[in-house]
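Going line by line, the protein sequences match chains A and B. Everything in the first sequence is counted per our numbering, starting at 2 for the first residue and increasing by one. Everything in the second sequence is counted per our numbering, starting at 2 for the first residue and increasing by one. Ideal Cβ positions, reconstructed from N, Cα and C, are used throughout, including at glycine.
Protein chains: 2
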Amino acid sequence: MLTVMVSATAQPRECSIARTLEVVGEKWALLAVREVFLGNRRFDEMVRKTGAPRDTMATRLRALVGSGILERRPYSEHPARFEYYLTDAGRDLYPVVLTLMSWGDRYLAGQDGPPLRIEHRCGHRLGAQLVCEACGEPVRAGETRPVRTR
Amino acid sequence: MLTVMVSATAQPRECSIARTLEVVGEKWALLAVREVFLGNRRFDEMVRKTGAPRDTMATRLRALVGSGILERRPYSEHPARFEYYLTDAGRDLYPVVLTLMSWGDRYLAGQDGPPLRIEHRCGHRLGAQLVCEACGEPVRAGETRPVRTR
DNA sequence: GTAGGTGGGTCTGAAATCTGGACCCACCAT
DNA sequence: ATGGTGGGTCCAGATTTCAGACCCACCTAC
Chain A
2 MLTVMVSATA QPRECSIART LEVVGEKWAL LAVREVFLGN RRFDEMVRKT
52 GAPRDTMATR LRALVGSGIL ERRPYSEHPA RFEYYLTDAG RDLYPVVLTL
102 MSWGDRYLAG QDGPPLRIEH RCGHRLGAQL VCEACGEPVR AGETRPVRTR
Chain B
2 MLTVMVSATA QPRECSIART LEVVGEKWAL LAVREVFLGN RRFDEMVRKT
52 GAPRDTMATR LRALVGSGIL ERRPYSEHPA RFEYYLTDAG RDLYPVVLTL
102 MSWGDRYLAG QDGPPLRIEH RCGHRLGAQL VCEACGEPVR AGETRPVRTR
């Protein structure tokens, strides 16, 4: 007889994209991060500006603090009040946030254009472009190649 | 008496980030897109390589097709079989995928380094960097400023 | 021909999560 | 004492997720 039941056809890829999404791959988490980038560090403000349920926001913030993206700092005792700051890791999510925004600006802007404009210190409207660190050329999908490492 | 109940304290920001996340802001959606970027265009393959429940993957693929990110093309009738291709809009998600990967590579790589390497056509390992389209300078979080448009 | 495999799903029921709304508590100002 | 702010928690119901089984049309090997 000896019919072997392997069944393990699933082999999820080990992948930095998947790992990152485990941490910030949820709407409210990323919108919370957006708010902190925009300078809104407080719970109520984040709830108002994102539209997230208070409960969900509380949970997300805890998770973001737990994974080292935000830091919760008291700005008053009596009564105890807190603000959320980006850690270095958090600040490094800026490219993610910007590329998301960039895509939305291009494909989902209403008839009256992108709702939020961001200005670079050079004085121009910030249009984010991805370049190869090595050669400085803009990166296009067709010009890259995945290399199996293991 | 006449106590007015406004209650409308919530004013979710109109924002391209939020809009984009409505469309691709979910783990399996983005992982499906990743697979297509890696050249895996078929349902079963995507299920295997992402680990998503078949059901969920089917739902996500329908949504992605619906929002114009993927295109479902038959590659065989009798039996009917389909492949998913990126549209132009889908290809433009490459920067999003790359910046997510980049962040994960930096902050979530195990002791044996990033699990997947991507090579640029220039021959070097692709490290994606965000630059300002106008001045070409790398974009850092502190050097930008949101401008209210309305 | 029949057993098994592939491709692209759907169905099912239990478990987890999300959601809006109410509630809470400490403090401050009027 | 009344009301507002800030930062939450609690609840119950709705929605999603998930794993696993199932399905159907086809193909190939035996």
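{"query": "May I ask you to list, following chain order, the residues of the region 70-93 of chain A that have a beta carbon less than 8 Å from some beta carbon of chain B?", "result": "87, 90, 92, 93"}
{"query": "Using beta carbons (cut-off 8 Å, strictly below), is residue 132 of chain B in contact with chain A?", "result": "yes"}
{"query": "Using 8 Å for Cβ pairs, my map puts residue 120 of chain A next to residue 146 of chain B. What's the rounded Cβ distance?", "result": "5 Å"}
{"query": "Nearest chain B C-beta to residue 4 of chain A closer than 8 Å, yes or no?", "result": "Note that residue 4 of chain A scores a pLDDT of 32, beneath 50, so its modelled location is shaky and nothing firm can be said."}
{"query": "Step through the CB atoms of chain B and report whether any lies within less than 8 Å of the CB of residue 8 of chain A.", "result": "Residue confidence is low: residue 8 of chain A scores 43 on pLDDT, short of 50, so the model does not pin down where it sits. No coordinate-derived value is stated."}
{"query": "Measuring only between beta-carbons, confirm whether residue 62 of chain A sits less than 8 Å from chain B.", "result": "no"}
{"query": "So residue 1 of chain B and residue 78 of chain B are in contact, right, with Cβ under 8 Å, and what is the actual spacing, rounded?", "result": "Residue 1 of chain B cannot be examined here, being either before or after the span of chain B that is shown, 2 to 151."}
{"query": "For residue 77 of chain B, which beta-bridge partners are listed by DSSP?", "result": "B:82"}
{"query": "For residue 126 of chain B and residue 118 of chain B, what's the separation of their Cα atoms in angstroms?", "result": "7 Å"}
{"query": "Helix, strand or coil for residue 181 of chain B? Go by DSSP, reduced to three states.", "result": "Past the boundaries of the shown model lies residue 181 of chain B; chain B is included only from 2 to 151, so the question cannot be answered."}
{"query": "I'd like to know whether the C-beta atoms of residue 34 of chain B and residue 94 of chain B end up nearer to each other than 8 Å.", "result": "yes"}
{"query": "What does the Cβ neighbour count give for residue 96 of chain A, buried or exposed, with the cut at 16 atoms within 10 Å?", "result": "buried"}
{"query": "Alpha carbon to alpha carbon, how far is residue 48 of chain B from residue 66 of chain A?", "result": "31 Å"}
{"query": "So for residue 41 of chain A, helix, strand or coil by DSSP?", "result": "coil"}
{"query": "If we ignore side chains and look at the alpha-carbon of each, how far apart do residue 15 of chain B and residue 55 of chain A end up?", "result": "19 Å"}
{"query": "At least one CB of chain A closer than 8 Å to the CB of residue 38 of chain B: is that the case?", "result": "yes"}
{"query": "Less than 8 Å between the beta carbons of residue 12 of chain A and residue 50 of chain B, yes or no?", "result": "yes"}
{"query": "I believe residue 21 of chain B touches residue 109 of chain A by the beta-carbon criterion, under 8 Å. Please report the beta-carbon distance rounded to the nearest angstrom.", "result": "6 Å"}
{"query": "Can you tell me which of B:116, B:68, B:32 puts its alpha carbon nearest to the alpha carbon of residue 88 of chain B?", "result": "B:68"}
{"query": "For residue 9 of chain B, does the count of other Cβ atoms within 10 angstroms reach 16, so buried, or fall short, so exposed?", "result": "Low confidence applies to residue 9 of chain B: its pLDDT is 48, below 50, so where it sits in the model is not reliable enough to give any reading."}
{"query": "If you run the structure through DSSP and keep just helix, strand and coil, what is residue 129 of chain A?", "result": "strand"}
{"query": "With 8 Å as the threshold, decide whether the Cβ of residue 15 of chain A is near any Cβ in chain B.", "result": "yes"}
{"query": "Using 8 Å for Cβ pairs, my map puts residue 61 of chain B next to residue 30 of chain B. What's the rounded Cβ distance?", "result": "5 Å"}
{"query": "Name, please, each residue of chain A whose Cβ falls closer than 7 Å to the Cβ of residue 42 of chain B.", "result": "Result: empty, since nearest Cβ-Cβ is about 14 Å, beyond 7 Å."}
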